[in-house]
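All remarks here apply to the structure that follows.
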Amino acid sequence: MNSRERILGAIEHRAPDRVPLDLGSTSVSGIHVSCVAALREYYGIANGPVKVHEPYQMLGWIDEDLREILGVDAQAMFPHKTMFGHSTLNGWKEWRMPDGLEVLVPADFNVTIGEDGVIYMHPQGDLNAPPSARMPNDGYFFDAIIRQPPLDEANLKVEDNLEEYGPIADETVAYIASASAQARASGRAVVASLGGTALGDIAHVPAVQLKYPKGIRDVAEWYMSIASRPELIRELFERQTQIALANLARIAAAAKNSIDVVFVCGTDFGAQTGTFCSRKTFQSLWTPFYTTINEWIHANTPWKTFKHSCGSVRKFIPDFIECGFDILNPVQCSAANMEAGELKNEFGERITFWGGGIDTQKTLPFGSPGDVREETLRRCEIFSCGGGFVFNTIHNIQARTPVENIATMIDAVHEFNGTK
Amino acid sequence: MADLNALRQAVINGDHTSARRITEEALGENTDPLQIVTGCLVPAMDEVGRLFEEEEYFIPEMLLAARAMKESMELIRPRLTATGAPSSGRAVIGAAKGDLHDIGKNLVASMLEGAGFDVHDLGVDVPPEKYVEAVKTVKPHLVCISTLLTTTMPALKKTIDAIDAAGLRDSVKIMVGGAPVTQQFADEIGADGYGENARSAVQKARELTARGAA
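The listed protein sequences correspond, in order, to chains A and B. For reference, each letter of the first sequence is one residue, going 1337 to 1756 in our numbering. For reference, each letter of the second sequence is one residue, going 135 to 348 in our numbering.
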């Protein structure tokens, strides 16, 4: 059984030969660049600065040599534009993080430094455009700067929030086809981030890649709009879905058989103790469009669909299943009512848990290696029965996580699998 | 005559336009500003908290109600200051050094304000020395520090330690919160309280200030 078969087996709930492992296949299942650098050092393969393929969360690219050592079964196909609109095809340059770590960033990654040492990111690398994000002078991640133009309630237009969506360029389709085919050759399951299908993902709302965004761009304003302007949100999602399906059709025509899993949407519906909105709101605003997207993908491609939502979302899992999602990530077992065994018993036969492997808010960054090993083994035991499980940390591994703990987690997965 | 029941309902419904209009009417009629706060805004936000607890309200509805309450408060505050009316207590709030996330912090600030606290918001990425300075100048009963990131969790302890080192620890109660924060962590770093959400933060704030307010 190769890596691809192992992951597909898990998603199809045929117990694979061992628990498959993902680290780095999406922007929500990756590793902070500082931890990738530390892992390369730890395993004795450090050979220069690590690429930051996703500069918003400063996620590090995991090269083939590290993938081999970690034993990952999934391979990423990322877009050639970053969250900030930098191309990853124009070369890379060195950049120094606030803590002194040298990393590689896309050539058109351009920042300015404020008087207080805060690092300001400019959209598309254009220093003439106002910054769209910032990193504190001792920070590890960027966060959006809210650029909310005044809203004229009587004249709100969905088009203003659709500027970043539209027909994809031929060169993008060609890139996806080529990059997916290259990823397919690895023998791993190809996880593609195609863009366009994230409905209301709060990370995308501020549109940090746009120079002068229009429409609803303030995070709080967006959340309020869900309750105060549902018709506008519904129309926006409808239009966005139409655009996305047309784009997916072109991508499928070029790359259908090179992709195994597609990251559909990262909209978070859960906080630590409950859901962001009511189930009724979810069913009214999201269900119709998620269903349309999943039905199209399943009718026209062999792709499995991947839904990310942090937090306490147990009440929404039946809806995610009903909408046709195959995979749920990151399965935040530390949130309220998200106990691993209960989730597996209740939903384990109907959806694949891609995550839930270990807590990245507590155990992995702050626990002892013994705590890490114990939690990793326990979660593998609970989730792996009958397939339906891809081991992944609960969201990205955060900066300052001790490398010994990450290595212990990897060892524990292989110990469970009998492959150590 | 301004309908204060309608103001209360406007806040609960998140109708900021009506909340502002009725507040303007009430103040225009020389209604006691403290009466509007204690008889109207505080009960309204209590009801919003209850609806959140009952899972009838969620984040969007809470934010809408908080905005309506804040718009009303903006009109009332100058009158309150002029009359020297008492508040439930003074609170200083901010996101920890290195953390830029403020949705949760802002919601807690609004809910505290809605509970009658005089809230001084220091913003985001607030260094420990700025909290110390605020404790000296504002003389709050309560300091609230939030973080969303695991990388900035140590800044919560550093802030508490800085307040302690300045000899001010006994003068304030300190609350912490944010996604990765737990009661256990709050205990470990010597905080007096922890709120797992905006509603419980207000309850804890009331409890702490009732016990310890000067």
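Where a beta carbon is used, it is the ideal one built from N, C-alpha and C, also for glycine. Quantities reported herein were computed from a predicted structural model and do not represent experimental measurements.
- Among the CB atoms of chain A, none fall inside 9 Å of the CB of residue 217/B.
- By a beta-carbon distance limit of 8 Å, residue 146/B contacts residue 182/B. Their separation comes to about 6 Å.
- Cβ-Cβ distances below 8 Å link residue 1739/A to 1371, 1374, 1375, 1377, 1378 in the same chain, with the five nearest sequence neighbours on each side left out; the list follows chain order.
- Boundaries of the beta strand (DSSP E) harbouring residue 1455/A: 1455 to 1457, taken from the DSSP string.
- Within the segment 1695 to 1719 of chain A, contact with chain B at the beta-carbon level (separation under 8 Å) is assigned to 1696, 1697, 1698, 1701, 1702.
- When the alpha-carbon of residue 1713/A is set against those of 1750/A, 1703/A, 1689/A, 1524/A, the nearest one is in 1750/A.
- Leaving aside the five residues that flank residue 1630/A on each side, the residues in its chain whose CB is nearer than 7 Å to its CB run, in chain order, 1641, 1659, 1660, 1661.
- Ranked by how close their Cα comes to the Cα of residue 1475/A, the residues 1680/A, 1513/A, 1449/A, 1339/A have 1449/A in first place.
- In this chain, residue 255/B is not harboured by any alpha helix (DSSP H); it is covered by the beta strand (DSSP E) spanning 251 to 255.
- For the pair residue 1387/A and residue 1441/A, the CB atoms are nearer than the 9 Å cut-off.
- Judged by DSSP secondary structure, residue 1670/A falls outside any beta strand (DSSP E); it is assigned neither H nor E.
- Closest option to residue 263/B, judged by alpha-carbon separation, among 298/B, 171/B, 320/B: 298/B.
- Taking C-beta atoms under 8 Å as the contact rule, residue 1528/A and residue 1598/A qualify, at a distance of about 5 Å.
- Distance from residue 1457/A to residue 1443/A at the Cβ level is roughly 15 Å; contact not present, criterion being Cβ atoms closer than 8 Å.
- Contact annotation: in the segment 256 to 278 of chain B, residues whose CB is within less than 9 Å of a CB in chain A are 258, 259.
- Taking CB atoms only, residue 172/B has no neighbour in chain A less than 9 Å away.
- For residue 1608/A, at least one C-beta of chain B is nearer than 9 Å to its own C-beta.
- Residue 1340/A is classed as buried because its beta carbon has at least 16 other beta carbons within 10 Å across all chains shown.
- When the five nearest sequence neighbours on each side are left out, the beta carbons in the same chain lying within less than 7 Å of the beta carbon of residue 1646/A are those of 1604, 1606, 1666, 1668, 1731, in order along the chain.
- Residue contact with chain A for residue 231/B: present (Cβ-Cβ distance below 9 Å to some residue of chain A).
- Where residue 1595/A is concerned, there is no enclosing beta strand (DSSP E), because DSSP gives it neither an H nor an E.
- When only Cα atoms are considered, residue 1465/A and residue 275/B end up about 43 Å apart.
- The beta carbon of residue 1533/A is closer than 7 Å to those of 1580, 1600, 1601, 1629 in its chain, skipping five residues each way along the sequence.
- Flagged as an interface residue toward chain A: residue 313/B, by a C-beta distance shorter than 9 Å.
- CA-to-CA, the gap between residue 241/B and residue 190/B works out to about 17 Å.
- Distance from residue 179/B to residue 248/B at the Cβ level is roughly 3 Å; contact confirmed, criterion being Cβ atoms closer than 8 Å.
- Restricting attention to 256/B, 258/B, 218/B, 277/B, the CA atom closest to the CA of residue 305/B is found in 277/B.
- Put simply, the segment 208 to 217 of chain B touches the segment 147 to 167 of chain B. At least three CB pairs are less than 8 Å apart.
- Residue burial is scored here from C-beta neighbours: residue 1695/A has at least 16 other C-beta atoms within 10 angstroms and is therefore classed as buried.
- Among the residues facing chain A, residue 188/B is not included, as its CB has no counterpart in that chain under 9 Å away.
- For residue 308/B, the pairing in a beta bridge is given by DSSP as 277/B.
- Under DSSP, residue 1463/A forms no beta bridge with any residue.
- Nearest CB-CB separation between residue 1617/A and chain B: below the 9 Å threshold.
- When the beta-carbon positions are compared, residue 1343/A and residue 1410/A come within less than 9 Å of each other.
- Check the Cα spacing between residue 1723/A and each of 1540/A, 1566/A, 1663/A: the tightest is with 1663/A.
- Between residue 194/B and chain A, the shortest Cβ-Cβ separation is below 9 Å.
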